[in-house]
Amino acid sequence: MVDRSTRMAVIGAGPVGLAVAKALLQHGIAYEQLEADDDLGGNWYHGVYETAHIISSRKTTEYADFPMPDNYPDFPSAQQMLDYLASYAAAFKLRPHIQFRTKVMMCLPLADGRWEVELAGGEKRVYKGVIVCNGHHWDKRYPDYAGRFTGEYIHSKDYKHPQQLVNKRVLVIGGGNSACDLAAEAARVGLSCDISIRRGYWFLPKTVFGVPLPEMVPGWVPVRAQRLLLRIILRVVVGRYENYGLPKPDHRIFEAHPTLNSEILHYVKHGRIRPRPAVDRFEGRHVVFADGTSDEFDMVVCATGFHLSFPFLPPGLVPVKGSNALLYGGCTLPDYKNLYVVGTAQVRYGFGPLMTPAAALICQLINLQDQMELPIGLVLKESGAKPPTTHLLDPHRAMRQMKFAKYTLPLLLRKERKLRKRLRPAAAAVLAKDPRTVQPDPELNVF
Ligand SMILES: Cc1cc2nc3c(=O)[nH]c(=O)nc-3n(C[C@H](O)[C@H](O)[C@H](O)COP(=O)(O)OP(=O)(O)OC[C@H]3O[C@@H](n4cnc5c(N)ncnc54)[C@H](O)[C@@H]3O)c2cc1C
């Protein structure tokens, strides 16, 4: 039997798992990468529609240490993203470490700090630890309305190609990026397209002055100034959302994940997308809206987001509040050693620039954990670290925090030695319990 007790298991070979794998290799940390699908790329392999282009721009999405090809446009297609990820894996020789068609079913902490990993098919392996990179855009979240819609009822995740919309009266529910992308597709090929938006969103153009919006404002500009600048630009370029029949935004820019879409307002003004208020109920093929109006549709697309979930961990082991995973240092738990949960935050722009330094920090945490007796998450907690209050991540702030953490993390070693005597019994008591029997906090893991 293969002895895996000195290797980490990386779950998932999407963009996050690949960045982590590359850092592990470069730091000389032994690992195996377990991927349920038959190829790498995650969402960019199996999870987006064929006509998708990134919403974040090329420069704010490419890995910090691996630029996208010069001939790529500012907003590469899904296929270009996949090719890019494949070339990243080739450049850093990641493929030989990936076990495809290997789905992780359960991970359980062992008393000595290692982890038992059970695969589909029943095989059980013991790894030194687990790095969870399973993504957060797959567990579909549906809205809950009275009545039943008897036409085609799908989630945005089920939308794969425009043929699905041709000649249909489509209602898209939601105001986020997927909702707007899909509404624009339906405006082009569908018979009609309505979009039901229950709150005011900031619909931001993808480019301003010929530059992708995410690249326009340098990271050092304070968020307040960024907001002001964007509001001025929007007032000139867009005007008031009410002039498009859309509700006025009910929050400040960046307080919700921004919707970047240059087509929605265009198609609204061309009468190809009709804004509607919240859905009140379904009556067969009819949808009744909150303002009392109703219409008949052939297809309803719920672009209503995703749950953050970890089906291969005991329920509640990772506490989740809404969409926010309550992790210390962005990836650890105070109760268990050698578990790192990565990529749960919703970055305002793309994944790449942050993932490169984040993956290096995870390697630093793993090396520090090797010199500690207590879980590093517990040491972080005792040192005053707090779990995030929101899943939305300001990339510039996160970058600054990571630069700082690189130099301050080694100080945790001294702290841990001081804490050992006091916290050893409590840490051992946690491990003595079977995590499958622990009742999750009823306040948490509610969506
Ligand atoms: C329509 C759409 C548009 C998007 N546009 C952008 C964009 O413009 N910019 C951007 O930065 N992001 C965008 N995203 C977000 C996208 O999810 C990220 O770009 C990126 O794919 C996240 O990487 P990940 O590795 O965390 O997750 P994923 O890409 O979801 O990869 C997770 C991997 O883990 C594997 N896995 C899951 N569970 C298991 C298991 N139990 N055992 C083994 N393997 C498992 C999956 O098969 C998958 O390969 C978009 C998402 C969608 C849906």
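If you number the sequence shown the way the working numbering does, the last residue is 432 and the count never jumps. All C-beta atoms, glycine included, are put in the ideal place defined by N, C-alpha and C. Keep in mind it's a predicted model, so treat the numbers as computed, not measured.
Is the distance from the Cβ of residue i to the Cβ of residue j below 8 Å?
i      : j        : result
GLY2   : HIS122   : no
PHE188 : VAL208   : no
LEU339 : MET384   : yes
PRO260 : LEU231   : yes
LEU67  : TRP29    : yes
PRO197 : SER42    : yes
ALA171 : CYS178   : yes
LYS322 : GLN349   : no
LYS153 : LYS142   : no
PRO61  : HIS82    : no
VAL5   : ILE347   : yes
LEU311 : PRO372   : yes
TYR313 : ALA370   : yes
VAL111 : ARG(-11) : yes
LEU396 : LEU353   : no
LEU10  : ALA(-6)  : no
GLY337 : GLU47    : yes
VAL117 : VAL326   : yes
VAL364 : LYS400   : yes
PRO190 : THR45    : no
VAL223 : LEU214   : no
LEU359 : LEU408   : yes
PHE267 : TYR130   : yes
Give the C-beta separation of residue i and residue j to the nearest angstrom, bearing in mind that I take them to be a contact with Cβ-Cβ under 8 Å.
i      : j      : result
HIS140 : CYS287 : 5 Å
GLY159 : THR329 : Going by Cβ atoms, the distance from GLY159 to THR329 rounds to 21 Å, so no, they are not a contact pair.
GLY175 : ARG270 : At roughly 15 Å, the Cβ-Cβ gap does not stay under 8 Å, so GLY175 and ARG270 are not in contact.
ALA344 : ALA8   : 4 Å
ARG99  : LYS113 : 6 Å
PHE295 : ASN119 : 7 Å
PRO342 : ALA49  : 7 Å
GLU367 : LEU318 : Not really, about 13 Å apart at Cβ, beyond 8 Å.
ALA71  : GLY26  : 7 Å
VAL285 : TYR138 : 5 Å
Just list the residues that DSSP pairs residue i with in beta bridges.
i       : result
LEU156  : ASP179 and VAL285
ASP280  : VAL272
VAL5    : Partner(s): none; VAL5 has no beta bridge.
GLN331  : LEU377
TYR325  : ILE116
MET201  : Answer is none; MET201 lacks a bridge partner.
GLU137  : MET284
HIS38   : SER62
GLN84   : LEU19
MET91   : GLU103
ASP55   : ASP55 is not bridged to any residue.
MET(-7) : TYR16 and GLY114
VAL193  : VAL196
LYS306  : ASN309
LEU245  : LEU189
ASP355  : Looking at the DSSP assignment, ASP355 forms no beta bridge with any residue, so it has no partner.
ASP124  : HIS292
Taking the alpha carbon of residue i as the point to measure from, which residue in the options has its own alpha carbon closest?
i       : options                            : result
ARG86   : GLN64, LYS109 and GLY(-3)          : GLY(-3)
VAL253  : ARG173, ALA131 and VAL5            : ARG173
TYR69   : GLN84, PRO52, ILE347 and VAL155    : PRO52
SER181  : VAL151, VAL157 and GLY161          : VAL157
LEU454  : ALA413, LYS306, ARG409 and LYS322  : Residue 454 lies beyond the stretch modelled for the chain, which goes from -14 to 432, so this question has no answer here.
ALA75   : CYS92, ASP24 and MET91             : ASP24
SER279  : CYS92, ASP265, HIS292 and PHE291   : ASP265
HIS236  : ALA344, ARG212 and VAL117          : ARG212
ASP276  : ALA210, ASP97, ASN352 and ARG183   : ARG183
ALA21   : LEU104, ILE40, PRO54 and LEU250    : LEU104
GLU17   : PRO58, GLY107 and VAL102           : VAL102
TYR186  : PRO147, ARG399, ILE249 and THR(-9) : ILE249
SER163  : LEU245, PRO190, VAL223 and PRO128  : LEU245
VAL221  : HIS242, VAL193, GLU281 and GLY204  : VAL193
PRO420  : PRO300, ARG405 and THR(-9)         : PRO300
GLY434  : ASP320, VAL326 and PRO380          : What the structure shows of the chain is the stretch from -14 to 432, and residue 434 is not part of that stretch, so it cannot be assessed.
GLY107  : ASP97, ILE116, HIS146 and CYS92    : CYS92
GLY13   : ILE218, LEU219 and ILE351          : ILE351
LYS145  : ASP97, TYR127 and ALA63            : ALA63
VAL(-8) : SER247, ASP355 and ALA414          : The sequence given here has Arg at residue -8, not Val. Cα-wise, what sits closest to ARG(-8) is ASP355.
VAL415  : TYR226, GLY161, LYS388 and PRO94   : PRO94
MET357  : ASP97, LYS233, LEU167 and ILE258   : ASP97
Is residue i near ligand 3, with its Cβ less than 7 Å from a heavy atom?
i      : result
GLU401 : No copy of ligand 3 occurs in the structure displayed; its ligands are ligand 1 alone.
If you measure from the beta carbon of residue i to each beta carbon in chain B, is any gap under 8 Å?
i      : result
CYS178 : The displayed structure is made up of one protein chain only, and chain B is not part of it.
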